[in-house]
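Chemist: For the sequence shown, the positions run 6 to 439 when the numbering used here is used.
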Amino acid sequence: MNKPLSGKRLLVVAEDAELAALVAGAAARLGADVSGLRSGRAARDTLATRRPDAAVVDLPISDVRGSELLGALASAGVATFVVSGVLRGARADEEFRRLGARDFFTKPFQIEAVVAAVARAFGAEAPAVVEEATDDVTGSIPLSHEPLPDAIAPALLPLDGASAPAPPSPREGLAMPLPEPPRARPTAEAPPPTQGDLSDTSVPRLLVALHVGQATGALTIERGPARKILVVERGVPVYAASNLQAERFAAIAVRRGLVTPEAIETMHRAAPGERTGDALVARGLLDAERRQELLQAQIRVIAWSTFEWRDGRYAFQLGRPPAARVPLKVPMADLVLEGIRRASTLPRLKAELSADAHLAPSPDPAFELYDVKLQRGEAKLLALADGTKGVADLVRLSEVPERDALAFLQACRVMRVLDEVERVLASTRRIGFM
6 MNKPLSGKRL
16 LVVAEDAELA
26 ALVAGAAARL
36 GADVSGLRSG
46 RAARDTLATR
56 RPDAAVVDLP
66 ISDVRGSELL
76 GALASAGVAT
86 FVVSGVLRGA
96 RADEEFRRLG
106 ARDFFTKPFQ
116 IEAVVAAVAR
126 AFGAEAPAVV
136 EEATDDVTGS
146 IPLSHEPLPD
156 AIAPALLPLD
166 GASAPAPPSP
176 REGLAMPLPE
186 PPRARPTAEA
196 PPPTQGDLSD
206 TSVPRLLVAL
216 HVGQATGALT
226 IERGPARKIL
236 VVERGVPVYA
246 ASNLQAERFA
256 AIAVRRGLVT
266 PEAIETMHRA
276 APGERTGDAL
286 VARGLLDAER
296 RQELLQAQIR
306 VIAWSTFEWR
316 DGRYAFQLGR
326 PPAARVPLKV
336 PMADLVLEGI
346 RRASTLPRLK
356 AELSADAHLA
366 PSPDPAFELY
376 DVKLQRGEAK
386 LLALADGTKG
396 VADLVRLSEV
406 PERDALAFLQ
416 ACRVMRVLDE
426 VERVLASTRR
436 IGFM
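1. Quick one: what's Tyr319 bridged to in DSSP?
2. Since I believe Glu130 is in contact with Ala124 (beta carbons under 8 Å), could you give me their beta-carbon distance rounded to a whole number of angstroms?
3. Do you know how far the Cα of Leu75 is from the Cα of Val18?
4. Which runs of the alpha helix (DSSP H) at least 4 residues long sit entirely within the region 267-309? Give them in chain order.
5. Please state whether the Cβ-Cβ distance between Pro242 and Ile304 is less than 8 Å.
6. What separation, rounded to the nearest whole angstrom, lies between the Cα atoms of Leu300 and Ala284?
7. Measure from the alpha carbon of Ala320 to the alpha carbon of each residue in Asp140, Ala276 and Ala397, then state which is nearest.
8. Which residue spans inside the region 51-125 form an unbroken alpha helix (DSSP H) run of at least 4?
9. So, at 8 Å on beta carbons, what are the nonlocal neighbours of Val419 in its own chain, with the 5 sequence-adjacent residues on each side left out?
10. Give the DSSP bridge partners of Tyr244, in chain order.
11. Taking the alpha-carbon positions, what's the Ala397 to Asp50 distance?
12. What does DSSP give as the partner residue(s) for Leu15 in the beta ladder?
13. Which residues bound the beta strand (DSSP E) around Glu20?
14. Just verifying my parser: in three-state terms, what is the DSSP assignment at Leu211?
15. With DSSP run on the structure shown, which of helix, strand or coil describes Val259?
16. Starting from Pro352, trace the beta strand (DSSP E) both ways and give me its first and last residue.
17. Could you tell me whether the region 345-360 touches the region 403-417, where touching means 3 or more Cβ pairs closer than 8 Å?
18. Per DSSP, which one or two residues make a beta bridge with Pro366?
19. Quick one: Cα of Glu100 to Cα of Ala59, how far?
20. So what's Gly128 in DSSP terms, helix, strand or just coil?
21. Here's the rule: buried if 16 or more other CB atoms are within 10 angstroms of the residue's CB, otherwise exposed. What is Pro368?
22. Output needed for Ile226: all residues of its chain with C-beta closer than 6 Å, excluding positions within five of it in sequence on either side, in chain order.
23. Would you tell me roughly how many angstroms separate the C-alpha atoms of Asp21 and Arg43, rounded to the nearest one?
24. According to DSSP, Leu148 sits in a beta bridge with which residue or residues?
25. Would the region 284-297 and the region 255-272 be scored as touching if the rule is three or more Cβ pairs under 8 Å?
26. Can the beta-carbon of Gly317 be found less than 8 Å from the beta-carbon of Leu203?
27. Comparing C-alpha positions only, which one of Pro113, Val120 and Gln115 sits nearest to Arg107?
28. In this structure, does DSSP put Glu136 in helix, strand or coil?
29. Can you give me the C-alpha to C-alpha distance between His363 and Leu386, rounded to a whole angstrom?
30. Please name the residue or residues paired with Arg325 in a DSSP beta bridge.
31. Would the beta-carbon of Leu24 fall within 8 Å of that of Val236?
Take a look at the structure:
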């Protein structure tokens, strides 16, 4: 593959670790030597010791003014590209270019478009991603049946196509590493994936970054012998697979009561290479609409089952969705919000969301509020999060149970609808949702 950024040093400056790593991974695919920094001061200081050829900067950044950082990069002759979800429109574009930026991208943006712009700055064209996302999950040996968590399994049960039942009530720095050489590469031309440990991040945060970066490719997640894959197209989940029997399409169809285990076994003996969904449709046991419904449920369950994982590994590989997949989409906002509602445990929520933390509307939300499907009581809880109250106060004022309130607040935090802020006094005027 042509590597137009070979020999070029690229600096990624961002406080969003997961998004920074996606940009870095896409640039590394084109041969760039990528480094990442979380602060503007560190980026400014590195110009004297290891000047990059280009920089991608996510603005605003908390420790320096954007104009100061862009001015320093321009003075050093660094080709600079800005991304932002706060500063938007033609006026922002004009101002960034006046300060020396080569191009400006508004969130959500396509990471491939950003690295292509970097390549053009050096007189080269970035090759399009033509590889199909590698699925090394469905070809692996399935594991024995593993029960689904109680809060997740009900998503597979309705037979009438209705929405899933309500759940039961029971970033520091660039923590995510920038691209490493993969442990195994099938060919010399395979691009390096963005990969790391789940102890440094979480699957919901990775999914939010895939949405913001409008990424197309495969996120593979593994913990012990369990392996799962979630494929996204322009930041929207379109395919998933797992080597756990409980999460395979056949098991879901049996659990829905649409087919018997004996019928599945007979089909597999008659046509061992045929996909289960195709076989069921061909034999009139499933119509196309119901198959699509089951596949969407499968995506949700496979993703949700990883939301509480804090050990294991992940890797993201740019690539086109599998050609043989059934066309479908699962909105990312729904997937993340509902998954955190269902999968989160109270001890984990209390550990990750301090009772003293103050939450307020984010100036740079990953999802617009109209993308978030609020349940009863959540709209009021969101309106109360104006920076004047701690999490414990918000839970006390909430009309929903403690676990549900904490899960919703944590989901809004992960989705960047709410940010943790310094305590705001009640008399201070601050933007809110009401």
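Quick reminder that beta carbons are idealized off the backbone N, C-alpha and C, glycines included.
Modeler: Result, derived from the coordinates:
1. Numbered from 1 along the sequence shown, position 314 holds the residue referred to as residue 319. DSSP, once it has assigned bridges, lists Gly201 and Ile226 as partnering Tyr319.
2. Counting from 1 along the sequence shown, the entry for residue 124 is found at position 119. Counting from 1 along the sequence shown, the entry for residue 130 is found at position 125. So it is a contact: roughly 6 Å between Cβ atoms.
3. Residue 18 sits at position 13 when you count from the first residue of the sequence shown. Residue 75 sits at position 70 when you count from the first residue of the sequence shown. In a straight line, the C-alpha of Val18 is about 11 Å away from that of Leu75.
4. 281-287 and 293-309
5. For the purposes of this step, residue 242 is taken as the residue at position 237 of the sequence shown. For the purposes of this step, residue 304 is taken as the residue at position 299 of the sequence shown. Cβ distance < 8 Å, so Pro242 and Ile304 count as in contact.
6. Stepping through the sequence shown from its first residue, residue 300 is reached at position 295. Stepping through the sequence shown from its first residue, residue 284 is reached at position 279. Roughly 14 Å between the two C-alpha positions.
7. Translated into positions along the sequence shown, residue 320 becomes position 315. For Ala320, the nearest C-alpha among the options comes from Asp140.
8. 71-80 and 94-103
9. Working through the sequence shown from its first residue, we reach residue 419 at position 414. Cβ neighbours of Val419 beyond the five flanking positions: Ser207, Pro209, Arg210, Val213, Val341 and Ile345.
10. The residue you call residue 244 lines up with position 239 of the sequence shown. Partner(s): Val236.
11. Indexing the sequence shown from 1 puts residue 397 at position 392. Indexing the sequence shown from 1 puts residue 50 at position 45. Answer to the nearest angstrom: the Cα atoms are 40 Å apart.
12. Taking the sequence shown and counting its residues from 1, the one referred to as residue 15 is at position 10. Answer is Val39 and Ala59, bridged to Leu15.
13. Here the question's residue 20 lines up with position 15 in the sequence shown. First-last for Glu20: undefined, no H or E at that position.
14. Taking the first residue of the sequence shown as 1, we reach residue 211 at position 206. If DSSP states are grouped into helix, strand and coil, Leu211 belongs with the helices.
15. Taking the sequence shown and counting its residues from 1, the one referred to as residue 259 is at position 254. Helix.
16. Reading the sequence shown from its first residue, position 347 is the one you call residue 352. It is not in any beta strand (DSSP E) - Pro352 instead sits in the alpha helix (DSSP H) that spans Leu351 to Glu357.
17. yes
18. Counting from one through the sequence shown, the residue named residue 366 turns up at place 361. Paired residues: Leu423.
19. By 1-based counting over the sequence shown, the position of residue 100 is 95. By 1-based counting over the sequence shown, the position of residue 59 is 54. Rounded to whole angstroms, Glu100 to Ala59 spans 19 Å at the Cα level.
20. Position 123 of the sequence shown, counting from 1, holds the residue named residue 128. If DSSP states are grouped into helix, strand and coil, Gly128 belongs with coil.
21. As a working mapping, residue 368 is identified with position 363 in the sequence shown. With fewer than 16 Cβ atoms within 10 Å of its Cβ, Pro368 is classed as exposed.
22. What you label residue 226 is simply residue 221 of the sequence shown in a count that begins at 1. The residues are Lys233, Thr311 and Tyr319.
23. Here residue 21 refers to the residue found at position 16 of the sequence shown. Here residue 43 refers to the residue found at position 38 of the sequence shown. Distance between the alpha carbons of Asp21 and Arg43: 8 Å.
24. Position 143 of the sequence shown, counted from the start, is the residue given in the question as residue 148. Looking at the DSSP assignment, Leu148 forms a beta bridge with Leu249.
25. yes
26. Along the sequence shown, read from residue 1 onward, the residue named residue 317 stands at position 312. Along the sequence shown, read from residue 1 onward, the residue named residue 203 stands at position 198. Cβ distance < 8 Å, so Gly317 and Leu203 count as in contact.
27. For the purposes of this step, residue 107 is taken as the residue at position 102 of the sequence shown. Of the listed residues, the one whose Cα sits closest to Arg107 is Val120.
28. The residue given as residue 136 occupies position 131 in the sequence shown. Looking at Glu136 - three-state DSSP - the assignment turns out to be coil, as it is neither helix nor strand.
29. Sequence index remark: in the sequence shown, residue 363 carries index 358 (1-based). Sequence index remark: in the sequence shown, residue 386 carries index 381 (1-based). Roughly 13 Å separates the two Cα atoms.
30. On the sequence shown, residue 325 is found 320 positions in, with the first residue counted as 1. DSSP output for Arg325 lists Glu137 as bridge partner(s).
31. As a working mapping, residue 24 is identified with position 19 in the sequence shown. As a working mapping, residue 236 is identified with position 231 in the sequence shown. In this structure, Val236 does not lie closer than 8 Å to Leu24 by Cβ.
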